[in-house]
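Those protein sequence lines, which keep their order, are chains G and L. If you read the first sequence in our numbering, its first letter stands for residue 180, the second for the next number, and so on. If you read the second sequence in our numbering, its first letter stands for residue 42, the second for the next number, and so on. Where is the CB? At the ideal position from N, CA and C, for every residue including glycine.
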Amino acid sequence: KAGVTQTPRYLIKTRGQQVTLSCSPISGHRSVSWYQQTPGQGLQFLFEYFSETQRNKGNFPGRFSGRQFSNSRSEMNVSTLELGDSALYLCASSFGLAGEKETQYFGPGTRLLVL
Amino acid sequence: AQRVTQPEKLLSVFKGAPVELKCNYSYSGSPELFWYVQYSRQRLQLLLRHISRESIKGFTADLNKGETSFHLKKPFAQEEDSAMYYCALSGLVTSGSRLTFGEGTQLTVNP
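Now the structure itself:
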């Protein structure tokens, strides 16, 4: 079956702008998690959505937000972009019913560059 | 709080040599541990998880709760094993899950 897809794959924005990233999970998966990957901080958890509700949240400022639609697709929004937001944003999906035992499947990522 | 440490950022071995990628964790409960791998220009993918007790591509990992470690081992490294390896811990959080990753180890297998 098709894997996790993310669009767009690359983005260039300027400081102060906002950006929306999209993630389509594997069919049947209801949980979508977002991660930020940077050379300095590594992979950090942003938030998790399950059945259109945010279920978990990492330690990121309120400029980072997300939502999930009834078909489990998810979007992530970053407002008032800062240079430090330049990163690879990864989306991962899972069934969402087995707690910590879940295996998460990752998309290819969206590479965001903030100038 | 949950934390994962991979002490080696870079690891270089020769083909056919044994390889061990170290991973230590801290977590107050009973964690689930994973190893993810990222080959060049490919997405992050699951290599193995401790609950499965599988051997994938010749790799194994044993959870040592006393030493809070989950080291990844392979007896004979192959050139195609060159990749970035991430150890990750999943802890139960309000019925969902979140992965905490280590900093990663870049493994290079030389011919």
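Can you tell me where the beta strand (DSSP E) with residue i in it begins and where it stops?
i, result
"residue 75(L)", "73-79"
"residue 104(L)", "Element bounds for residue 104(L): n/a, residue is neither H nor E."
"residue 191(G)", "189-192"
"residue 61(L)", "60-62"
"residue 47(L)", "Neither: residue 47(L) is in no beta strand (DSSP E) and is coded neither H nor E."
"residue 69(L)", "Taken as a continuous stretch (DSSP letters only), residue 69(L) belongs to no beta strand (DSSP E), as it is neither H nor E."
"residue 114(L)", "113-115"
"residue 150(L)", "146-151"
"residue 290(G)", "289-293"
"residue 94(L)", "Here residue 94(L) belongs to no beta strand (DSSP E), and DSSP marks it neither H nor E."
What is the rounded straight-line gap between the Cα of residue i and the Cα of residue j?
i, j, result
"residue 51(L)", "residue 115(L)", "16 Å"
"residue 277(G)", "residue 201(G)", "24 Å"
"residue 65(L)", "residue 232(G)", "32 Å"
"residue 59(L)", "residue 88(L)", "18 Å"
"residue 147(L)", "residue 124(L)", "6 Å"
"residue 77(L)", "residue 42(L)", "21 Å"
"residue 61(L)", "residue 196(G)", "44 Å"
Are there any heavy atoms of the ligand GTP lying less than 7 Å away from the beta-carbon of residue i, as far as the coordinates show?
i, result
"residue 183(G)", "This structure lacks the ligand GTP, and indeed carries no ligand of any kind."
Could you work out which residues of chain L lie near residue i, taking near to mean beta carbons separated by less than 7 Å?
i, result
"residue 269(G)", "85"
"residue 245(G)", "Near residue 245(G) there are no residues of chain L at all, since even the closest Cβ is about 14 Å away, more than 7 Å."
Residues of chain G with CB under 8 Å from residue i, in chain order?
i, result
"residue 126(L)", "Here the premise fails: no neighbours, minimum Cβ distance about 12 Å."
Quick one: list the residues of chain L neighbouring residue i, beta-carbon separation under 8 Å, in chain order.
i, result
"residue 254(G)", "Those within 8 Å of residue 254(G) in chain L number zero; the least Cβ separation is about 18 Å."
- Task: Any chance you could list the beta strand (DSSP E) runs of at least 3 consecutive residues sitting entirely within the segment 204-267 of chain G, in chain order?
- Result: Counting only runs of at least 3 residues, the segment 204-267 of chain G fully encloses the following beta strand (DSSP E) elements, listed from N- to C-terminal order: 210-217, 221-229, 232-236, 243-247 and 253-257.
- Sufficient close CB pairs (3 or more, under 8 Å) joining the segment 103-119 of chain L to the segment 197-215 of chain G: The segment 103-119 of chain L, when compared against the segment 197-215 of chain G, does not touch it at the 8 Å Cβ threshold.
- Message: Check whether the segment 210-219 of chain G and the segment 266-285 of chain G touch, using three or more Cβ-Cβ pairs below 8 Å as the test.
- Response: The segment 210-219 of chain G, when compared against the segment 266-285 of chain G, does touch it at the 8 Å Cβ threshold.
- Residues of the segment 91-107 of chain L with Cβ closer than 8 Å to any Cβ of chain A, in chain order: Considering every chain present, this structure includes no chain A. Its protein chains are G and L.
- Query: Counting Cβ pairs closer than 8 Å, one from the segment 69-85 of chain L and one from the segment 245-258 of chain G, do we hit at least three?
  - Reply: Proximity of the segment 69-85 of chain L to the segment 245-258 of chain G falls short of the contact definition, fewer than three beta-carbon pairs being nearer than 8 Å.
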